[in-house]
């Protein structure tokens, strides 16, 4: 693992200037989660539009550069996609989005917190359960 | 080594096998001692010797192995008790500080904390000295109130006095904050609490490993600490109670070992401290703790304290020159232990810990199991470096260099 590899310019940029940061006035989905290990915190709001598409999405939260940048990048990626896309989203997609840094086991949770929150919200809306064992809270 | 001689940390490292390993190709700089300390060869040997030469259950085995194991286990209780100025019969072996406090919350609390009673804790407690009281208060209809802190991270004495006027049933406070490093004057605070009619519990997890502690002098009713933070194995710790207090308490867990006689419909309890040690006890780790106590005794706790204070002074001086670095807690190093919590510019503690890890430096980042304190500090997390006997100036230098490197990466 190299920290220069993790903390690339783009990650720091999203950390310091997060896109889609804030709250939506009207939304259909709201979900929030924390990483009990670090206290990282992400809340996401989604406005569902026609054809079950993500019309708008915003997030708030606090935490490390990885958790905040990943959440922010994810909101950009998710906008305009159908909710079904969220259901099919895999952790590899998030890693790829971050430029496939070698995070090491303790920081993977930070990178995936945003995805977990988005999935939890979407699953609740779709009436499905987030029962992927990969997403469990085990450290 | 002479009693007056300063600790030679570099030389001491030879006693700790783990300190010769590399992390990411770098020398391990271990600065996470408030979380757990490394183990000297003497402690590791004590564990190996037990399992390879006299492993046996204690107390009721008449054979040679059983007698040797019992002697070593009880010998360890004696050493550990004497180490903190207590009598062996007043010391219960537990898993650690958390279990000790839960034991008091249950075995003492259920009987003594009633509806409407007040329990007092402080804003600088570790979760282990908060949550058991929250739960007890919930069960019994009591309320839990907190002593606040002054801006320098010391206890708000006036606020403490105000709460004492409410005649609390229990005052639970830490000897030394695991975040701020603040060392509380527990002798004075316990005496004030006692005058107000309160029973006192002191969390000694961060003090017993780092400074001379005499529970008799402190005058607490309960004093709890963990073995793994003082060179001993995990899974072993101690609850020390004021003379006679254990006798008045109901059992914690029940079953084997803690009974005198068992009938179909009732049982009678064993003498203390055995009444509180149900089931097969953690023999090996208790013996390991005894070896850790021997190791620390040979150094002398005054010297341990002196060493850490010197290191703390050096670290304060060095870190003061890092622009954007903020240290929490008392600025007077005399009133703190070898713990430095800090934040550096807008580099989140987890990111800093990741960058330092790459340099072989182990620090802690996060809320340090003290979320009410984090809220009081108004930060989501801090980075924390904490020292022990094997740390020296070179570790502080490495820490500083690592922070500067993080500053470069984050373009601080």
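Protein chains in written order, with my numbering: chain D, 1 to 139; chain P, 140 to 551. We treat Cβ as the ideally placed atom computed from N, Cα and C, and that holds for glycine. Just so we're clear, the structure is a prediction, and the values are computed from it rather than from any experiment.
1) I want to see whether chain P comes within less than 8 Å of residue 62 of chain D, judged by CB atoms only; does it?
2) Checking contacts by CB at 8 Å: is residue 65 of chain D closer than that to chain P?
3) Listing by chain order, which chain P residues have their CB less than 7 Å from the CB of residue 14 of chain D?
4) Just to confirm my understanding: we take residue 41 of chain D, look at its own chain, exclude 5 residues before and 5 after, and list those with CB closer than 7 Å. What are they?
5) Could you name the residues of chain P that residue 127 of chain D contacts, counting a contact when the two beta carbons are closer than 8 Å?
6) Are there three or more Cβ pairs, one per stretch, closer than 8 Å when the region 259-267 of chain P is compared with the region 284-294 of chain P?
7) Cβ of residue 139 of chain D less than 8 Å from any chain P Cβ?
8) Does the distance from the CB of residue 239 of chain P to the CB of residue 389 of chain P come in under 8 Å?
9) Near residue 295 of chain P, which residues of its chain fall below 8 Å by C-beta distance, leaving aside the five closest residues on each side in sequence?
10) Looking at the structure shown, is residue 180 of chain P part of a helix, part of a strand, or coil, going by DSSP?
11) When you check each C-beta in the region 490-503 of chain P against every C-beta of chain D, which residues fall closer than 7 Å?
12) Just the chain P side, please: which residues come within less than 8 Å of residue 37 of chain D by C-beta, in chain order?
13) Please state the DSSP three-state secondary structure of residue 520 of chain P.
14) Pull up the distance between the alpha-carbon of residue 212 of chain P and that of residue 419 of chain P, whole angstroms please.
15) Among P/252, P/237, P/292, which has the Cα closest to the Cα of residue 270 of chain P?
16) Looking at C-alpha atoms only, which residue of P/363, P/537, P/382 is the closest neighbour of residue 347 of chain P?
17) Going straight from the alpha carbon of residue 110 of chain D to that of residue 38 of chain D, what length do you get?
18) Check whether the region 205-223 of chain P touches the region 319-326 of chain P, taking contact to mean three or more Cβ pairs, one atom from each stretch, closer than 8 Å.
19) Under three-state DSSP, which class holds residue 139 of chain D?
20) Could you name each continuous alpha helix (DSSP H) segment of 4 residues or more that falls completely within the region 238-268 of chain P, going from the start of the chain to the end?
21) Unbroken beta strand (DSSP E) runs of length 3 or more, entirely within the region 59-114 of chain D: which are they?
22) Residue 146 of chain P to residue 159 of chain P, Cα distance in whole Å?
23) How would you write the range of the beta strand (DSSP E) that residue 309 of chain P sits in, first residue to last?
24) Of all the beta strand (DSSP E) runs that stay within the bounds of the region 389-413 of chain P, which reach a length of 3 or more residues?
25) At a CB-CB cut-off below 8 Å, which residues of chain P make contact with residue 148 of chain D?
26) Please report whether the beta-carbon of residue 519 of chain P lies at a distance below 8 Å from any beta-carbon of chain D.
27) Does DSSP put residue 416 of chain P in a helix, a strand or coil?
28) Would you grab the beta carbon distance between residue 103 of chain D and residue 78 of chain D for me? Rounded to a whole angstrom, and I think it's under 8 Å.
29) Within a Cβ cutoff of 6 Å, which residues of the same chain sit near residue 241 of chain P, ignoring the five residues on either side of it in sequence?
30) Which runs of the alpha helix (DSSP H) spanning at least 4 residues fall entirely within the region 430-514 of chain P, listed in chain order?
31) Could you tell me the alpha carbon to alpha carbon distance between residue 456 of chain P and residue 521 of chain P, rounded to whole angstroms?
32) Are there three or more Cβ pairs, one per stretch, closer than 8 Å when the region 355-374 of chain P is compared with the region 394-403 of chain P?
33) Just checking: is the beta-carbon of residue 549 of chain P within a distance shorter than 8 Å of some beta-carbon in chain D?
34) Quick one: list the residues of chain P neighbouring residue 7 of chain D, beta-carbon separation under 8 Å, in chain order.
35) Can you give me the Cβ contacts of residue 207 of chain P inside the same chain, cut-off strictly under 6 Å, excluding the 5 residues immediately before and after it?
36) Checking contacts by CB at 8 Å: is residue 4 of chain D closer than that to chain P?
Considering the structure as presented:
1) It does: the Cβ of residue 62 of chain D has a partner Cβ on chain P nearer than 8 Å.
2) yes
3) Against chain P, the beta carbon of residue 14 of chain D has no neighbour under 7 Å; the closest one sits roughly 13 Å away.
4) 34, 61, 62, 63
5) Those do not exist, as residue 127 of chain D stays about 33 Å from chain P at its closest Cβ, beyond 8 Å.
6) yes
7) Confidence at residue 139 of chain D is low in this model, with a pLDDT of 38, below 50, so the placement of that residue is unreliable and no value is reported for it.
8) no
9) Annotation for residue 295 of chain P: 286, 287, 288, 289 place their beta carbon closer than 8 Å to its own, counting only its chain and skipping 5 residues before and after.
10) Judged by DSSP in its simplified three-state form, residue 180 of chain P adopts helix.
11) 490, 493, 494, 497
12) 505
13) coil
14) 12 Å
15) P/237
16) P/363
17) 8 Å
18) no
19) Low confidence applies to residue 139 of chain D: its pLDDT is 38, below 50, so where it sits in the model is not reliable, and the reading given next is rough at best. Residue 139 of chain D: coil per DSSP, three-state reduction.
20) 248-251
21) Fully contained in the region 59-114 of chain D is no beta strand (DSSP E) run of length 3 or more.
22) 19 Å
23) 309-313
24) 398-401, 406-408
25) Any question about residue 148 of chain D goes unanswered here, given that chain D covers just 1 to 139.
26) yes
27) If DSSP states are grouped into helix, strand and coil, residue 416 of chain P belongs with coil.
28) Going by Cβ atoms, the distance from residue 103 of chain D to residue 78 of chain D rounds to 21 Å, so no, they are not a contact pair.
29) 271
30) DSSP runs (the alpha helix (DSSP H)) wholly in the region 430-514 of chain P: 440-458, 488-497.
31) 19 Å
32) no
33) yes
34) 490, 494, 548, 549
35) In its chain, beyond the 5 residues on either side, 193 have a beta carbon closer than 6 Å to the beta carbon of residue 207 of chain P.
36) yes
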